[in-house]
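Asker: I am attaching a structure below and will ask some questions about it afterwards.
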Amino acid sequence: MAKRTAPALSETEYRVLARFRFALRVFQRFSEDAARGAGVTPSQHQLLLAVRGFPDGAPTISDVAEWLQSRHHSTGELIDRAVDSGLIKRETESEDRRRQRVTRTRKGARDLGSPSTDQREELRPSGDDSAGGARELVRAHESARRSASPGPSRA
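Printed below as a string of C-alpha cells:
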C-alpha cells in the first residue's frame, strides 16, 4: 500500500507552527524558573505534577514514565532522587509485589504548590495584549487549530 503524502504546509501554517513551538519553549522556561524559585528542580516539579495529576490514584513507575515521556529506568532514577529528597515515597502493591506506586510526601505536596500556582496564573487569560508565555501558547494553539483545516483528500 502506498504511503500518502501530506500536502505541503502554507506560509501561514509554518508561521503558526513556529509561533506555537516558540510559545512552548517560553512556557517551559517560565515553568523551569518557577520550579527553581520554589527550591525544586524542573524535573522534580514535573514528577510531582505527574503524580498529583494522575487520574487513577497513585501511578506506577511506568505510568509516570509515560506521563513524563521518559524511559522507565530514567524515571526510576528520578524517583530515587526524589525519595532521597523527601518529595516522593514508593509503595509496593499488595496484589502484585513487583509493582510499585509513587505518592507525594507532605514536603512534595508543599513544594508542588508554588510553581503550579505560578503556572496557573500564567495560563489565565488577561485583558491585555502583552501576553505572557503561556497565554501566547494558548493563543498559538488556538490559531494552529483554526488554520489546520483538512484539505482535499489526495488518493
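Residue numbers 0 to 154, in numbering that gives the first Met the number 0, belong to the letters of the sequence shown in order. From the three backbone atoms N, C-alpha and C, an ideal C-beta is built for every residue, glycine too. If you're wondering where the values come from, they're calculated on a predicted model, not measured in any experiment.
Which value, in whole angstroms, describes the spacing of the CA atoms of valine 101 and alanine 5?
Answerer: Near 42 Å, if we compare the C-alpha coordinates of alanine 5 and valine 101.
Asker: Alanine 57 and glutamate 90 - do their beta-carbons sit closer together than 8 Å?
Answerer: Going by C-beta atoms, glutamate 90 is nearer than 8 Å to alanine 57.
Asker: Applying the criterion that 16 or more other CB atoms from any shown protein chain within 10 Å of the CB defines a buried residue, is aspartate 32 buried or exposed?
Answerer: Classification for aspartate 32: exposed.
Asker: Here's a check: name, in chain order, each residue in its chain whose Cβ is nearer than 6 Å to the Cβ of glycine 75, leaving out the five neighbours to either side.
Answerer: So the list reads Ile60, once near-sequence residues are dropped.
Asker: Alpha carbon to alpha carbon, what distance is there between alanine 34 and phenylalanine 26?
Answerer: In a straight line, the C-alpha of phenylalanine 26 is about 12 Å away from that of alanine 34.
Asker: At which residues does the alpha helix (DSSP H) containing glutamate 94 begin and terminate?
Answerer: Glutamate 94 -> no alpha helix (DSSP H), and no H or E assigned at all.
Asker: Go to serine 69, then tell me how far its alpha helix (DSSP H) extends in each direction, as first and last residue.
Answerer: Taken as a continuous stretch (DSSP letters only), serine 69 belongs to no alpha helix (DSSP H), as it is neither H nor E.
Asker: Taking only the alpha-carbon atoms, compute the straight-line gap between glycine 112 and histidine 44 and give it to the nearest angstrom.
Answerer: Glycine 112 and histidine 44: Cα-Cα distance of roughly 10 Å.
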